[in-house]
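In the order they appear, the protein sequences are chains A and B. Using our numbering, read the first sequence as starting at 34 and increasing by one per residue. Using our numbering, read the second sequence as starting at 14 and increasing by one per residue.
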Amino acid sequence: MLKTFAIALIATVSAASLGAQAIAADISGAGATFPAPVYAKWAETYKAQTKNGLNYQAIGSGGGIKQIQAKTVDFGATDKPLKPADLETAGLMQFPMVMGGVVPVMNLPGIAPGAVKLTGPVLAAIFIGDIKTWTDPRIASLNPGVKLPNLPITVVHRSDGSGTSFVFTTYLANQSPAWAQRVGANDSVEWPTGLGGKGNDGVAAFVKQTIGSIGYVEYAFAKQNKLTYANMKNKAGAFVAPTAGAFAAAASGADWSKAPGNYLLLLDQPGAASWPITAATFILVYKKQDKPESGKEVLAFFDWAYKNGDAAAQALDYVPMPAPVKTMMRKQWATQIKAADGKAIYAAK
Amino acid sequence: MTLTLDPSKALPKQGPAPKAKPRGGALDPFFEALCAASATALLAALCGVLVSLAIGGWPAFHKFGLHFFTISSWNPVTEVYGAAGPIVGTLITSFLALLFSLPVAFGVAVFLVEFCPSVLRRPIGTAVELLAGIPSIVYGMWGLFVLAPWFALHVQVPLLLLAPPGSLLEKLTSGIPNGANILTASLILAIMILPFMAAVLRDLFLTIPAQVRESAYGLGGNTVEVILSVSLPYIKRSAVGAIMLGLGRALGETMAVTFIIGNSHAFPKNLFDSGSTIASTIANEFNEATTEMHTSALIALGLVLFMITFAVLAIARTLLGRPKVV
């Protein structure tokens, strides 16, 4: 009996591994959920053009980092860039793929999108629970002429660990010493107040259902759900609305050549048109490739996406990387990503 | 007609007093081994889970010791993890769910067995079983988009308006009026475990031999008396088992609760406050837990849930004494 059982088991396992091999012909990646729609769109077009498939699992940035470190995938994807020292330890390189913005959204009856203006310190004071009502003088003084309702503020945040939360809390920590000291910046933090919704949908649902609430979501989500957003004050002192143009403006001021390991957050960038809470999402690959063929396929795919993917990204409300940044990344691939014999594995055309 | 018996022919290679074997009896040992292997595999899996949870959670237990159970702070930035909030949230939501659903499940079962016209019996029975098959995330979405707004508008807001500031009612019902709280999470859980418990209770009532019930009626008992003094005692032990399975599902339920409980790690102030459960915390954070201590604290939470479930089962068994052989 045990023998039969063992044979059956072996048969099942080998069938499963055969299946896995069949999939392994495609390149595989895992990580951030934020760019998953655009990666899926690119993969679909890429497969139609080249017959090469991409299998991307949107399991979250932390999961992406873990999976690439466990070498179960060909590339990892994360919204939270790794620090240069961590990259060095792990033998990884990272490069930015697309950008997006995080947008504060509110539920205020009678208030149009963009009618309320906020600054970083005021936003931090709201999320720390210091500003409790919409009629607080700190909000009112920023919004002369806007009739803010006399409602208590309900803070809504992400309950799941998220790159979006990492970007947002990093921004608040940069803007407010109190936030930096009491809460800090991470993909999940101990929120001083409010309630947590799961995912962008969860946050959006709670904001829609709770009068007087404020939360934060990805720009694409705010736009598609027509949520009431706030205009934010940027480094130049101007109040800007969250638009693709404002994210691109923030990106254009960024100097990637001065960011070792491509560790760059696009928060509070200079420029009168820049949206202050802008961020790029990153791809992680090994510098020394054990499997140069699949490593080459990965870089070929992302090179193709840099070249042909901008329209698809914009249609999904992402912001493409500027051309000089793309050129810089291609150069880095050639100099940093190598096979075991020390030769560059991919030459960008 | 004579019947010749030739032992050497009938049983060629056997000694005296042969043991008759059933046809195909050679398969029996295999069948037995297969069953034994299944049982062993189950036990091995259980032990394996327990051991790996203990190993994975060890760094957290080692660092926080017993404080892991008493701290109500859950801070991934400073890496201080205490499970008091999620543990209390898990226990409250599960027991409330049981409290809400048990009477209804009992009612459904009794109705189906005692009062239901036979035409309706099958459709209602099937509907109950179908309800048990709905994926939990569907309950979660329904809770988030339908139950929570309704609860906020028709329960929380009127209570807030009704309660004088500083009164006991105000203390008991204060909370963000948007329906994401411990009470609504318990209601969703109650709806989720209801069909399962109702189905099992109905099946248990059906196992009562007709003679037993008819004798009770024959002695002049009315329906209530028969159910309370004959049917219920007859199925008591198995019914507790069914209830415990329902409670077990409530303790471990993840997605539906995650959507509607509000996900705050703080110690809940009242039933209208947002909270978290062990399962919802793990579901929320495991994907993005990158540091060793964060992962370890989440695995330790898993072990705590395991222990709670085990304790619930153990207590149920003890309360009933040793179960008789079924």
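Cβ atoms here follow ideal geometry from the backbone N, Cα and C, with glycine treated the same way.
Give me the chain A residues within the contact set of residue i, using Cβ-Cβ distance strictly less than 8 Å, ordered along the chain.
i	result
B/Gly78	None at all; the shortest Cβ gap to chain A is about 20 Å.
B/Asn191	Thr187, Leu228, Phe239, Gln242, Thr243, Ser246
B/Thr303	Gly95, Ile98, Lys99, Asp220
B/Glu298	Asp193, Gly194, Ser221
B/Asn283	Here the premise fails: no neighbours, minimum Cβ distance about 14 Å.
B/Val90	Val216, Gly217, Ala218, Asn219, Val222, Glu223
B/His278	Glu223
B/Ser51	Those do not exist, as B/Ser51 stays about 10 Å from chain A at its closest Cβ, beyond 8 Å.
Expressed to the nearest angstrom, what Euclidean distance is found between the alpha-carbon atoms of residue i and residue j?
i	j	result
A/Gln365	A/Gly162	44 Å
B/Glu183	A/Leu156	29 Å
A/Lys231	A/Thr66	13 Å
A/Ala103	A/Thr111	15 Å
A/Thr360	A/Tyr319	20 Å
B/Thr186	B/Gly275	15 Å
B/Pro222	B/Ser228	10 Å
B/Val141	B/Ile204	11 Å
A/Gln100	A/Ala63	7 Å
B/Tyr152	A/Gly153	38 Å
B/Ala263	B/Ala110	7 Å
B/Ile195	B/Phe113	13 Å
A/Val149	A/Asp301	19 Å
A/Ala118	A/Asn295	12 Å
A/Ile98	A/Ala123	10 Å
A/Ala333	A/Ala76	12 Å
How about residue i: is its C-beta nearer than 8 Å to some C-beta of chain A?
i	result
B/Ser149	no
B/Pro183	A quick correction: the sequence has Glu, not Pro, at residue 183 of chain B. No - not a single Cβ of chain A is within 8 Å of the one on B/Glu183.
B/Phe81	no
B/Trp155	no
B/Gly275	yes
B/Ala165	yes
B/Ser287	yes
Distance cutoff 8 Å, beta carbons only. Does residue i sit that close to anything in chain B?
i	result
A/Ile370	no
A/Asn207	no
A/Val216	yes
A/Asp193	yes
A/Ile144	no
A/Ile316	no
A/Ala49	Low confidence applies here, because A/Ala49 scores a pLDDT of 47, under 50, leaving its location unreliable; read the following figure in that light. No, A/Ala49 does not count as interfacial toward chain B.
A/Lys231	yes
A/Gln54	Confidence in A/Gln54 is poor, its pLDDT being 43 and thus under 50, which makes the residue's placement too unreliable to answer from.
Pick out whichever of the options has its Cα sitting closest to the Cα of residue i.
i	options	result
B/Glu301	A/Pro146, A/Val222, A/Ala123	A/Val222
A/Val188	A/Val240, A/Gly153, A/Ser174, A/Asn176	A/Val240
A/Arg215	B/Pro162, B/Thr294, B/Ala296, B/Ser86	B/Ser86
A/Gly328	A/Gln82, A/Lys74, A/Asp107	A/Asp107
B/Leu202	B/Leu40, B/Glu45, B/Ala145, B/Gly61	B/Ala145
A/Gly93	A/Ala218, A/Ala206, A/Thr78, A/Thr197	A/Thr197
A/Leu115	A/Gly134, A/Ala145, A/Gln127	A/Gln127
A/Ala255	A/Lys268, A/Gly235, A/Gly270	A/Gly235
A/Tyr72	A/Met361, A/Tyr339, A/Gly95, A/Ala367	A/Tyr339
B/Ser212	B/Lys76, B/Ile84, B/Gly37, B/Val126	Reading off the sequence, residue 212 of chain B comes out as Ala, not Ser. Closest option to B/Ala212, Cα to Cα, is B/Val126.
B/Ala292	B/Glu305, B/Phe285, B/Thr322, B/Lys282	B/Thr322
B/Ser289	A/Pro117, A/Asp193, A/Thr122, A/Ile186	A/Asp193
A/Pro357	A/Ser285, A/Thr314, A/Gln302, A/Phe199	A/Ser285
B/Phe299	B/Ser287, B/Asp286, B/Ala313	B/Ala313
A/Asn233	A/Ala344, A/Val138, A/Leu349	A/Val138
A/Pro225	B/Thr53, B/Thr197, B/Val90, B/Gly70	B/Val90
Residues of chain B with CB under 9 Å from residue i, in chain order?
i	result
A/Ser290	Those within 9 Å of A/Ser290 in chain B number zero; the least Cβ separation is about 28 Å.
Using the beta-carbon of each residue, which ones in chain A are nearer than 7 Å to residue i?
i	result
B/Pro162	Gln242
Identify the contact partners of residue i in chain B, using a Cβ-Cβ distance below 7 Å as the criterion.
i	result
A/Lys80	Going along chain B, no residue has its Cβ under 7 Å from A/Lys80, so there is no contact; the nearest lies around 27 Å.
A/Gly109	Result: empty, since nearest Cβ-Cβ is about 12 Å, beyond 7 Å.
Find the residues of chain A that neighbour residue i, judging by a C-beta separation of less than 9 Å, and give them in chain order.
i	result
B/Ser85	Ordered by position in chain A, no residue passes the 9 Å Cβ test against B/Ser85, which lies about 11 Å from the chain.
I want to verify the contact list: residues of chain B whose CB lies under 8 Å from the CB of residue i, in sequence order.
i	result
A/Ile92	Asn300
A/Gly235	Leu157, Phe272
Measuring from the CB of residue i, is there a heavy atom of the ligand COA at a distance below 7 Å?
i	result
A/Thr202	Among the components modelled here there is no ligand, and therefore nothing to report on the ligand COA.
Within the segment 43–113 of chain B, ranges of the alpha helix (DSSP H) (whole runs, at least 4 residues): none
Unbroken stretches of the beta strand (DSSP E), 3 residues or longer, contained in the segment 256–323 of chain A: 264–266, 311–319
Complete alpha helix (DSSP H) runs within the segment 171–195 of chain B (minimum length 4 residues, chain order): Within the segment 171–195 of chain B, the complete alpha helix (DSSP H) runs of at least 4 residues are 181–186.
Ranges of the beta strand (DSSP E) found wholly within the segment 48–131 of chain A, counting only runs of at least 3: 60–64, 87–91, 108–111
Residue ranges of each alpha helix (DSSP H) within the segment 266–300 of chain B, 4 or longer: 268–273, 291–298
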